[in-house]
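Here the structure is laid out as structure tokens; the discussion comes afterwards.
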Amino acid sequence: MHVRGQLPVLGVVAAGGALGATARYGASLAWPTPDGAFPWTTLTVNATGCAAIGILMVLVAEVATAPPPLLRPFLGTGILGGFTTFSTYALDTQRLLSAGDAGRGVAYLGATVVAALAAVVVATAATRRVVRRLRPLGGEGRA
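The opening residue of the sequence shown carries number 147 in the working numbering; numbering runs sequentially from there.
What follows is the structure, given as structure tokens:
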């Protein structure tokens, strides 16, 4: 596809990314991590974002019969991509390791991966379960 045809997608991803990154930054201001402390805010943001992407993907890919074409790039890639943060996760890990706190650094490294994967798995399964309960027998949708 020609680049010009992708401009609306680029626009919604950029707008969503700005909103998601702003929300993440707001979380870091509301719950700052003191130097050398376990980065609970970043871990929570990443796990929450993963849970939200699990919910979104079920609703958009399995339930909605004709979702707006820009919805997934706006919410998934844009907002949730901007909200979650691999770079801060890596920096937090590096800071803990550089400060000589290998135990906490490795714990954070593993806990974030486990929490993020668990969040997406649990949120996806829970959303599917809720959708099945709410959908009347023989109802609409793809799930």
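For glycine and all other residues, C-beta sits at the position ideal for the given N, C-alpha and C. Bear in mind that the values here come from a model prediction, so they are computed numbers and not experimental data.
Sub-7 Å separation of Thr116 and Tyr235 beta-carbons: With the chain represented from 147 up to 289, any question about residue 116 goes unanswered, as that position is not in the structure.
Helix, strand or coil, according to DSSP, for Arg281 in the structure here? coil
Got a sec? Which residues, its chain only, sit under 8 Å from Thr223 by beta carbon, not counting five neighbours each side? Val159, Gly162 and Gly163
Determine the direct distance from the alpha carbon of Ala169 to that of Trp177, and round the result to whole angstroms. 12 Å
State yes or no: is the C-beta of Thr239 within less than 7 Å of the C-beta of Leu217? no
Report the residue from Leu165, Val204, Glu208 and Ala272 whose alpha carbon sits nearest the alpha carbon of Ile225. Leu165
Limits of the unbroken alpha helix (DSSP H) element including Pro154: Leu153 to Ala176
Between the beta-carbon of Ala207 and the beta-carbon of Ala262, is there less than 7 Å? no
Comparing alpha-carbon positions, which option in Arg150, Ser233, Ser244 and Val268 lies nearest Met203? Val268
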